[in-house]
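Q: Sharing a structure with you now.
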Amino acid sequence: MEYQAGKLEQENQELLTSLKELREAGSSSSLSKLKTSSKVSSRCTRSVQQISGLKKLNGTQWDEMTRKLNDYSS
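779 is the number of the first residue of the sequence shown in this note's numbering; add one for each residue after it.
See the structure below:
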C-alpha cells in the first residue's frame, strides 16, 4: 500500500509537470499543444484508474492505508 501511495504521489508530480508544460505550450504550435495535452490526458487517466483500484480496497485496508499516509505526512 505504501508503494501505491508513493506511485500516486509520483503520478501527481508528473501531472503537475505536464500541466506546466501545457501552459508553457500556449505560445507553441497547435501540434505541440496537442501532444502535451495528450500526455496530460494519459497521465490523468492512469491516475484515475489507480485511484479507482484503491477505492476497491475493503474498509480495513483503506483505513490502514490512510493511517500510513497520515504517518508518512507527519
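In this text, a Cβ means the ideal position worked out from N, Cα and C, and glycines have one as well.
Whole angstroms is fine: what's the gap from Gly-831's alpha carbon to Trp-840's?
A: 11 angstroms
Q: Using a threshold of 8 angstroms, state whether the C-beta atoms of Leu-847 and Val-818 are closer than that.
A: no
Q: If we ignore side chains and look at the alpha-carbon of each, how far apart do Asn-790 and Tyr-850 end up?
A: 16 angstroms
Q: Please list, in chain order, all residues of the same chain as Arg-821 whose beta carbon is under 7 angstroms from its beta carbon, the five residues on each side excluded.
A: Same-chain partners within the cutoff: Glu-789, Glu-792, Leu-793, Ser-796.
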